[in-house]
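Q: Would you mind keeping the following structure in view while I ask a few things?
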Amino acid sequence: MVIYVEAVILDNFCLDALLAYLTLLLTKRAVHRFPIILSALVGSLFALTVPIIGDNFLMKIAVLLVCSYLFSFPKSFRIYVVETIVYLLLSFTLCGIISFWLGARMQQGFLAISAGGAVAFTSLSVLLLIYFTRQIIGLINERREREKFAVAEMINQGKSVRMRALYDSGNLLKDQNGDGVVVTDKKGVLRLGELPSFGEMQVHTASGSKVLPLVKIPKIKIYCGGDTNILTNVTAALSDLPEEYQLILPCE
Numbered sequence: 000m001v002i003y004v005e006a007v008i009l010d011n012f013c014l015d016a017l018l019a020y021l022t023l024l025l026t027k028r029a030v031h032r033f034p035i036i037l038s039a040l041v042g043s044l045f046a047l048t049v050p051i052i053g054d055n056f057l058m059k060i061a062v063l064l065v066c067s068y069l070f071s072f073p074k075s076f077r078i079y080v081v082e083t084i085v086y087l088l089l090s091f092t093l094c095g096i097i098s099f100w101l102g103a104r105m106q107q108g109f110l111a112i113s114a115g116g117a118v119a120f121t122s123l124s125v126l127l128l129i130y131f132t133r134q135i136i137g138l139i140n141e142r143r144e145r146e147k148f149a150v151a152e153m154i155n156q157g158k159s160v161r162m163r164a165l166y167d168s169g170n171l172l173k174d175q176n177g178d179g180v181v182v183t184d185k186k187g188v189l190r191l192g193e194l195p196s197f198g199e200m201q202v203h204t205a206s207g208s209k210v211l212p213l214v215k216i217p218k219i220k221i222y223c224g225g226d227t228n229i230l231t232n233v234t235a236a237l238s239d240l241p242e243e244y245q246l247i248l249p250c251e
């Protein structure tokens, strides 16, 4: 059998990179390209020495330990042990799957495949598929997170106050007319001047129950994603809100 050096390096490099990438994902560690490339390079260079030194099991374990350290740079010995075990299990599992799928056989320590580069193509395809899928999901989640926030302008008798608003699906509050109730920071509302009182409301939260005073806000303009939504005669519950947002809107 003729073994092409380029195919050996490419196949092992891509497979080792995929194993390192999957290990970091499964152990929920940060993924950095350079450590993965360095680890895969060490693994692929070791593959070239197999015909010379033979199929040495202890040497393979030693290289696996080195590669595991290189791609993860663990902060503790415990993390290193966990990642190494995951890396080892993935190595056996993934190599077995690829060997079965591509019809590989062990010859002189190598996975012998009739088509050179098949392992590289398969490994790289899987890696890129996972990578781009995660990127797309991340962009979708980022967009959804941005859409949860808006800029709101509360208006009362010529006075206006702008504040950051949050769309909260957990805000299911209704007033006595069945209309949605917004929750606003009471310190910000003071700048609007005198507002008509609308009684009180008992609100149940994770931290317990509290009674919040209600007021009527004549107009609220909501600016989100280039659109403007105007609410009139809005019932608002006054509370203490964090600095990140001063108005909680119902998602409806």
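Heads up, the sequence shown is in numbering that gives the first Met the number 0, so the first residue is 0 and it goes up one at a time. Even glycine gets a Cβ: it sits at the ideal position worked out from N, Cα and C. Keep in mind it's a predicted model, so treat the numbers as computed, not measured.
Below 8 Å between beta carbons: does that hold for Lys147 and Leu165?
A: Yes, these two residues count as a Cβ contact at 8 Å.
Q: For Tyr244, name the three-state secondary structure that DSSP assigns.
A: Of the three classes helix, strand and coil, the one that applies to Tyr244 here is coil, per DSSP.
Q: Within a Cβ cutoff of 7 Å, which residues of the same chain sit near Asp178, ignoring the five residues on either side of it in sequence?
A: Cβ neighbours of Asp178 beyond the five flanking positions: Thr234.
Q: Identify whether Arg161 lies in helix, strand or coil by the three-state DSSP scheme.
A: Note: Arg161 maps to strand in three-state DSSP.
Q: Can you tell me whether Val180 is buried or exposed, with buried defined as 16 or more other CB within 10 angstroms of its CB?
A: Buried.
Q: For Ser238, report the span of its beta strand (DSSP E) as first-last.
A: Element bounds for Ser238: 226-238.
Q: Tell me Ser208's beta-bridge partners as DSSP assigns them.
A: According to DSSP, Ser208 bridges with His203.
Q: Tell me the DSSP bridge mates of Gly137?
A: Paired residue(s): none; Gly137 is not in a bridge.
Q: If you draw a straight line from the C-alpha of Arg143 to the C-alpha of Thr132, how long is it?
A: Between Arg143 and Thr132, the C-alpha separation is close to 17 Å.
Q: Just verifying my parser: in three-state terms, what is the DSSP assignment at Ala111?
A: Caution is warranted here: a pLDDT of 48 is assigned to Ala111, below 50, making its placement in the model unreliable, and the coordinate value is therefore given only provisionally. In the structure shown, Ala111 sits in a strand (DSSP, three-state: E or B).
Q: Considering Ala61, what are the terminal residues of the alpha helix (DSSP H) in which it resides?
A: Where Ala61 is concerned, the enclosing alpha helix (DSSP H) stretches over 56-71.
Q: Once the 5 residues before and after Phe45 are set aside, which same chain residues still bring their CB inside 7 Å of it?
A: Closer than 7 Å at the Cβ level, and outside the excluded window around Phe45, lie Val62.
Q: Going by C-alpha to C-alpha distance, which of Ser43, Leu25, Leu23, Val202 sits closest to Lys173?
A: Checked all of Ser43, Leu25, Leu23, Val202; the closest Cα to Lys173 is Val202.
Q: Which residues mark the beginning and the end of the beta strand (DSSP E) in which Val188 is found?
A: No beta strand (DSSP E) contains Val188, which is instead part of the alpha helix (DSSP H) from 185-188.
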